[in-house]
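In terms of the working numbering, the sequence shown is numbered consecutively and its last residue is 78.
From the three backbone atoms N, C-alpha and C, an ideal C-beta is built for every residue, glycine too.
These numbers come from a predicted model, not from an experiment.
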Amino acid sequence: MEEQPVFTPEKLQYVLDEYKDMLLAELPGQIERIILFGSYARGDARPESDVDVMVVNQRFSEQT
15 MEEQPVFTPE KLQYVLDEYK DMLLAELPGQ IERIILFGSY ARGDARPESD VDVMVVNQRF
75 SEQT
């Protein structure tokens, strides 16, 4: 029997939406993009998989 990932697609979407809302509230006008990558993005997450998220922030981009 194949083990299922910890987050169902619906639960993952809920968690990502909550994270996005928190970021937008804390950093208004600064978030350019929020990107899901890794096993959850590919659709091959396993129980030990983490959730990989990249946040592109305007202010950080200006400092580099």
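Is residue i helix, strand or coil when you go by DSSP?
{"i": "Leu41", "result": "coil"}
{"i": "Asp58", "result": "coil"}
{"i": "Asp66", "result": "strand"}
{"i": "Glu32", "result": "helix"}
In angstroms, rounded to a whole number, what distance separates the CA positions of residue i and residue j?
{"i": "Lys34", "j": "Glu46", "result": "11 Å"}
{"i": "Leu50", "j": "Leu38", "result": "16 Å"}
{"i": "Val70", "j": "Glu17", "result": "32 Å"}
{"i": "Pro48", "j": "Ser63", "result": "Checking the sequence, you will find Ile at residue 48 rather than Pro. Approximately 19 Å, taken between the alpha carbons."}
Do residue j and residue i count as a contact pair if the criterion is CB distance below 8 Å?
{"i": "Arg60", "j": "Pro19", "result": "yes"}
{"i": "Gln72", "j": "Gln44", "result": "yes"}
Can you tell which of the options has its C-alpha closest to the C-alpha of residue i?
{"i": "Ser53", "options": "Asp66, Pro42 and Gly43", "result": "Asp66"}
Cβ-heavy atom distance between residue i and the ligand MG below 7 Å?
{"i": "Asp35", "result": "Absence of the ligand MG is noted for the structure shown, with no ligands found whatsoever."}
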